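Participant: Let me give you the structure first, and then I'll get to my questions.
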Amino acid sequence: MKEIILIKTGEIVLKGLNRRAFEDILIKNIKYRLKDLGEFKIKNAQSTISVEPVGNNIDLDEVSDKIGKIFGITTYSRACVAEKNIENIKLCTIEYLQEALGEAKTFKVNAKRSDKKFPLKSPEICTEVGGYILEKFPHLTVDVHEPDITVTVEVRDFAAYIRGSVIRGAGGLPTSTGGKAAILISGGIDSPVAAWTMAKRGIELIAIHFASPPYTSQRAEEKVVSLLEKVSEYSGKMKMFTVPFTRIQEEIQSKCPEELFTIIMRRFMMVIAEKISKANECSALITGESLGQVASQTIGAIACTDDAANIPVFRPLIGMDKEEIIAISRKIDTFDISIQPYEDCCTVFTPKHPRTRPVLKYVKQAEQLLDCESLIKEAIDNVKITKISY
Amino acid sequence: MEVYLDNSATTCVCKEAADKIYEMMTVKYGNPSSLHSKGLEAEHEVENARKIIADNLGVKSEEIYFTSGGTEANNMALFGASEALKRNGNKIITTAIEHSSVIESASELQKQGYEVIFLQSESNGIISEEKLFNAIDKNTILVSMMAVNNETGAIQPFDKVKSIMKKNNCNGLYHCDAVQAFGKIPVRPTKYGIDIVTISSHKIHGAKGTGAIYLSKSTRIIPRMFGGEQQKKIRPGTEAAPLIAGFGKAVEILPDISNEYKFMQELQSYCIEKISEIDGIHINSPKNNLPYILNFSVEGIRSETMLHYLETLNIYVSSGSACAKGKKSHVLTALGLSQRLIDSAIRVSFSRYNTKSDIDALADGIKSGVSKLVRK
């Protein structure tokens, strides 16, 4: 019995004349993600993308797992391919869904006949298949409202497809249809979630991480790599730029007013991130800021930070509570990594009473005390690039 | 040049042990339980190691059981002994400065309903005999106290515990975690009346992954694992023959304890002398501690920052006990040190492969760190 995966795209179908372009990119992404798992025939017809394994040695569980992490897919299901005659469809249904039907108590049958030349109409297919199931599994009863299992039979141009339950996909838009942007990532809970959230809208990512050895450790950097690896299971591979930040922090600490330390540091981050982004074809920055979470994330502090960058800054978590953010981090499996204790131990530098309503004029005055240009140049010249893949 | 000063976390495997392990893996690779001669030759090696370790402790071979390391041995001791003696009483005495494998096991026993007392150390890092005397009573089924503390090197009155127990008419068992003491000071279970002793291979230049528990002939514990007939069913499972044989070799070639102790005292006092020249150094280790360990604080510089700074100079130290991976030290807290000193504590620990020039490098490293790093 041959098994395939059928994929439904959601929002893409609304893209009008651009629909084909979105679909082509999605298919390219699917091909790329599955390339290590074997050879597949991928077809796009009648608003369904079908993924058909070539050869017998392909583990469909693994394929299904990967497809669940590709953005641009609303739902997908595993289905068995049957020859287009009703007797054969009945036999295949029983064989393919044996286990699920054995475990269920109630069921219903759905039929879709897109090949109108098929002799039985949809309700007739339902009756035939449903009757046969009842005959073979006498413990089952029909429930058309809330069945434990819905058996769907689709009769299409070249074959009939039989499937049980539908699996929710990752949603969103296909990666890279939304352009490219840079995530500023520290190693906490928020930034990986922000990265994932924007990747869901079709953004292709690069990552920028600021490291301050010896105040931060090698393990802290490796933690960021592990986080990005998790994100890349959804967003696809990316480059991570590690910016040496010790010098800048030490300079701010020794020359600027203590309470402005964090805000000035963040402005430096924005400037450096903007330069790296533009050199790498990115059109926006992404941060994990959530309004009012810490002193540097008040409306006034964000205004001061924003002023430093001449590039759009996406803050997808701005209106979210910590608990909502944690829920997503658990879903994408980054939470347990984020809470490892090797945080950026920049705590050495954190002021006791950071300014929560910084005034841009004074912040800029304080920055005059630093040789910003050469500090930034030195940092950018010494950036280290790490390739991240899933 | 690499300067490794974290020997209480783990040591390098000595060449003799590494060669033995390699031979066991590639030549004498049989299962010690196999009936054929290939099995027998591996069994001989395991038994030889057992004998070497027993001799070192002055006990009988059949009283030594190999485990996967110190943590497993401590778990066996606490759970196995309390289970075996639960009809005799309900009280367990241990200390607040034990290794986490004892503290966490004891806390778990507390949850199961045992009355567990965690004795606090005095400000010199030592558990006083008086406190032990006051805590131990005839309802006490187990006393578990380490010989040497892993963070400060403070030597505990582990030789006195059994007599205190006897004075209080306590018939319970006495377990001593001697992981940091073994091979460094004489650990003599029969002489001191210790019923159960934990030791580990990788602290004395053997490999990680094996350790041993001594159970005196009269001591009965309930096993924590079930399986084959190995090690009298106390600790079943195919023996890790290569690691065990390496452990035996490492013990066999241990230098004379008193000579090495003198050498360590020299190294330690040289170290204290050198770093005391630096501004803001505070020695946390008590006087007369195990000279293999020195704990100090560099005031104002966080432990981790100094540790990572020294690492850029290829100098490796610890910010507490490595098992805690950055958690706040319960031992230094028990010492009554200020938060500021705890946050900046560094532990260096020596081995026979260290030299005075290593200490010079350390002192230079700290000095340059103090001048460069931002103080809090």
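Note that the protein sequences, when read in sequence, are chains A and B. So for the first sequence, the numbering used here puts the first residue at 1090; every next one is plus one. So for the second sequence, the numbering used here puts the first residue at 239; every next one is plus one. In this text, a Cβ means the ideal position worked out from N, Cα and C, and glycines have one as well. None of these values were measured; they are calculated from a predicted model.
When the Cα atoms are used, what is the spatial distance from E1243 of chain A to I1222 of chain A?
Facilitator: Walking along the first sequence from the start, residue 1243 of chain A turns up at place 154. Walking along the first sequence from the start, residue 1222 of chain A turns up at place 133. Distance between the alpha carbons of E1243 of chain A and I1222 of chain A: 17 Å.
Participant: Spell out whether any CB of chain D is found under 9 Å from the CB atom of T248 of chain B.
Facilitator: No chain D appears in the structure shown, which is made up of the protein chains A and B.
Participant: Just how far apart, CA to CA, sit E301 of chain B and S557 of chain B?
Facilitator: The sequence position of residue 301 of chain B within the second sequence is 63, counting from 1. The sequence position of residue 557 of chain B within the second sequence is 319, counting from 1. Each residue's alpha carbon lies about 36 Å from the other.
Participant: How many whole angstroms separate the CB atoms of S299 of chain B and T476 of chain B, which I take to be in contact at a CB cut-off of 8 Å?
Facilitator: Numbered from 1 along the second sequence, position 61 holds the residue referred to as residue 299 of chain B. Numbered from 1 along the second sequence, position 238 holds the residue referred to as residue 476 of chain B. Not really, about 19 Å apart at Cβ, beyond 8 Å.
Participant: Closer than 8 Å by C-beta to C1434 of chain A: which residues in its own chain qualify, once you throw out the five before and the five after it? Chain order, please.
Facilitator: On the first sequence, residue 1434 of chain A is found 345 positions in, with the first residue counted as 1. Low per-residue confidence applies at C1434 of chain A: pLDDT is 49, beneath 50, and the placement is therefore not dependable, though the value from the model is reported in the following sentence. Once the five neighbours on either side are set aside, the close Cβ partners of C1434 of chain A are Y1304, T1305, S1306, A1309.
Participant: Near N313 of chain B, what residues of its chain come up, given a Cβ to Cβ distance below 6 Å and the 5 sequence neighbours on each side ignored?
Facilitator: Here residue 313 of chain B refers to the residue found at position 75 of the second sequence. Excluding sequence neighbours, N313 of chain B sits near S343.
Participant: Strictly below 9 Å CB to CB, what residues from chain A border V612 of chain B?
Facilitator: If you number the second sequence from 1, residue 612 of chain B lands on position 374. Those are Y1304, Q1338, E1339, Q1342, S1343, V1437, F1438, listed as they occur along chain A.
Participant: Taking 9 Å as the threshold (beta carbon to beta carbon), is R585 of chain B in contact with chain A?
Facilitator: Residue mapping note: residue 585 of chain B aligns to position 347 of the second sequence, counting from 1. Not an interface residue.
Participant: Report buried or exposed for N533 of chain B, applying the criterion of at least 16 other Cβ atoms within 10 angstroms of its Cβ.
Facilitator: Along the second sequence, read from residue 1 onward, the residue named residue 533 of chain B stands at position 295. Classification for N533 of chain B: buried.
Participant: Quick check: the Cα distance between A560 of chain B and G444 of chain B, rounded to an integer number of angstroms?
Facilitator: As a first step, residue 560 of chain B is located in the second sequence; it is residue number 322 there, counting from the start. As a first step, residue 444 of chain B is located in the second sequence; it is residue number 206 there, counting from the start. Note that A560 of chain B scores a pLDDT of 42, beneath 50, so its modelled location is shaky and nothing firm can be said.
Participant: Using beta carbons (cut-off 9 Å, strictly below), is E240 of chain B in contact with chain A?
Facilitator: Numbered from 1 along the second sequence, position 2 holds the residue referred to as residue 240 of chain B. No, E240 of chain B lies away from the interface with chain A (no Cβ there is under 9 Å from its Cβ).
Participant: Can you find a CB in chain A that lies within less than 9 Å of the CB of R578 of chain B?
Facilitator: Within the second sequence, residue 578 of chain B is the residue found at index 340, counting from 1. No, its Cβ sits nowhere closer than 9 Å to a Cβ of chain A.
Participant: Do A1300 of chain A and M1287 of chain A have their C-beta atoms within less than 9 Å of each other?
Facilitator: For the purposes of this step, residue 1300 of chain A is identified with residue 211 of the first sequence, where counting begins at 1. For the purposes of this step, residue 1287 of chain A is identified with residue 198 of the first sequence, where counting begins at 1. Not in contact: A1300 of chain A and M1287 of chain A (Cβ atoms no closer than 9 Å).
Participant: Which residues in chain A have a C-beta closer than 9 Å to the C-beta of H546 of chain B? List them in chain order.
Facilitator: The residue you call residue 546 of chain B lines up with position 308 of the second sequence. Per Cβ cutoff of 9 Å: P1302, P1303, Y1304, T1305, S1306, Q1307, C1434.
Participant: Applying the criterion that 16 or more other CB atoms from any shown protein chain within 10 Å of the CB defines a buried residue, is Y267 of chain B buried or exposed?
Facilitator: Numbered from its first residue, the second sequence carries residue 267 of chain B at position 29. Exposed, because fewer than 16 other Cβ atoms sit within 10 Å of the Cβ of Y267 of chain B.
Participant: Is the beta carbon of S1139 of chain A closer than 9 Å to that of L1316 of chain A?
Facilitator: Taking the first sequence and counting its residues from 1, the one referred to as residue 1316 of chain A is at position 227. Taking the first sequence and counting its residues from 1, the one referred to as residue 1139 of chain A is at position 50. No, the pair does not count as a contact, with Cβ atoms beyond the cut-off.
Participant: Can you say whether H1442 of chain A is buried or exposed, counting buried as having 16 or more other CB atoms within 10 angstroms of its CB?
Facilitator: Indexing the first sequence from 1 puts residue 1442 of chain A at position 353. H1442 of chain A is exposed by the Cβ-count criterion.
Participant: Do we get a CB-CB distance below 9 Å when we pair T436 of chain B with the residues of chain A?
Facilitator: The residue labelled residue 436 of chain B in the question sits at position 198 within the second sequence. Answer no: the Cβ-Cβ gap between T436 of chain B and chain A never drops below 9 Å.
Participant: Roughly how many angstroms separate the alpha carbons of R1355 of chain A and D244 of chain B, rounded to a whole number?
Facilitator: Taking the first residue of the first sequence as position 1, residue 1355 of chain A is located at position 266. Taking the first residue of the second sequence as position 1, residue 244 of chain B is located at position 6. For R1355 of chain A and D244 of chain B, the distance between alpha carbons rounds to 37 Å.
Participant: Could you check the C-alpha separation between S359 of chain B and I437 of chain B for me, to the nearest Å?
Facilitator: Taking the first residue of the second sequence as position 1, residue 359 of chain B is located at position 121. Taking the first residue of the second sequence as position 1, residue 437 of chain B is located at position 199. Cα to Cα, the separation comes out at about 22 Å.
Participant: Give the residues of chain A in contact with T550 of chain B, contact being defined as C-beta atoms less than 8 Å apart.
Facilitator: Within the second sequence, numbered from 1, the residue matching residue 550 of chain B stands at position 312. The answer, in chain order, is P1302, P1303.
Participant: Report the rounded CA-to-CA distance for D1425 of chain A versus K1173 of chain A, giving the unit in angstroms.
Facilitator: Counting from one through the first sequence, the residue named residue 1425 of chain A turns up at place 336. Counting from one through the first sequence, the residue named residue 1173 of chain A turns up at place 84. About 49 Å.
Participant: Quick one: give me the first and last residue of the beta strand (DSSP E) that F1160 of chain A is part of.
Facilitator: Against the first sequence, residue 1160 of chain A aligns to sequence position 71. Element bounds for F1160 of chain A: n/a, residue is neither H nor E.
Participant: Going by C-alpha distance, which of B:R578, B:L528, B:V555 is nearest I364 of chain B?
Facilitator: Reading the second sequence from its first residue, position 126 is the one you call residue 364 of chain B. It is B:L528.
Participant: Helix, strand or coil: how does DSSP classify A562 of chain B here?
Facilitator: Residue mapping note: residue 562 of chain B aligns to position 324 of the second sequence, counting from 1. Summary for A562 of chain B: the model assigns pLDDT 45, below 50, so the residue's position carries little reliability, and this model does not support an answer.
Participant: First and last residue of the beta strand (DSSP E) that includes C414 of chain B?
Facilitator: Here the question's residue 414 of chain B lines up with position 176 in the second sequence. Note, C414 of chain B: beta strand (DSSP E), 411–415.
Participant: Identify whether V1313 of chain A lies in helix, strand or coil by the three-state DSSP scheme.
Facilitator: Locating residue 1313 of chain A in the first sequence gives position 224, where the first residue counts as 1. Looking at V1313 of chain A - three-state DSSP - the assignment turns out to be helix.
Participant: Measure the beta-carbon distance from L1229 of chain A to K1197 of chain A and round it to whole angstroms, keeping in mind my assumption that it falls under 8 Å.
Facilitator: Along the first sequence, read from residue 1 onward, the residue named residue 1229 of chain A stands at position 140. Along the first sequence, read from residue 1 onward, the residue named residue 1197 of chain A stands at position 108. About 10 Å separates the two Cβ atoms, so there is no contact after all.
Participant: Tell me which residue opens and which closes the beta strand (DSSP E) that P1142 of chain A is part of.
Facilitator: Locating residue 1142 of chain A in the first sequence gives position 53, where the first residue counts as 1. Run containing P1142 of chain A: 1137–1143, per the beta strand (DSSP E) assignment.
Participant: When you compare the CB positions of I434 of chain B and C414 of chain B, do they come within less than 9 Å of one another, or not?
Facilitator: Locating residue 434 of chain B in the second sequence gives position 196, counting from the first residue. Locating residue 414 of chain B in the second sequence gives position 176, counting from the first residue. Cβ distance < 9 Å, so I434 of chain B and C414 of chain B count as in contact.
Participant: Quick one: what does DSSP say C1063 of chain A is sitting in, helix, strand or coil?
Facilitator: Past the edges of chain A, shown from 1090 to 1479, lies residue 1063 of chain A, and the structure says nothing about it.
Participant: Classify R1109 of chain A as buried or exposed, calling it buried when 16 or more other Cβ atoms lie within 10 Å of its own Cβ.
Facilitator: Position 20 of the first sequence, counting from 1, holds the residue named residue 1109 of chain A. Its Cβ having fewer than 16 others within 10 Å, R1109 of chain A is exposed.
Participant: The beta strand (DSSP E) with G1258 of chain A in it runs from where to where?
Facilitator: As a working mapping, residue 1258 of chain A is identified with position 169 in the first sequence. Its beta strand (DSSP E) spans residues 1256–1260.
Participant: Assuming V425 of chain B contacts L316 of chain B (C-beta within less than 8 Å), just tell me the rounded distance between them.
Facilitator: In the second sequence, counting from the first residue as 1, residue 425 of chain B sits at position 187. In the second sequence, counting from the first residue as 1, residue 316 of chain B sits at position 78. Not confirmed; about 19 Å, so no contact.
Participant: Between the alpha carbons of A562 of chain B and L347 of chain B, how many angstroms are there, rounded?
Facilitator: Translated into the one-based positions of the second sequence, residue 562 of chain B becomes position 324. Translated into the one-based positions of the second sequence, residue 347 of chain B becomes position 109. In this prediction, A562 of chain B scores a pLDDT of 45, lower than 50, which makes its location untrustworthy; the coordinate-derived value is nonetheless stated afterwards. The alpha-carbon atoms of A562 of chain B and L347 of chain B are separated by roughly 21 Å.
Participant: Beta-carbon of A560 of chain B versus every beta-carbon of chain A: anything under 9 Å?
Facilitator: Numbered from its first residue, the second sequence carries residue 560 of chain B at position 322. Any reading at A560 of chain B is ruled out, since the residue's pLDDT is 42, under 50, leaving its predicted position unreliable.
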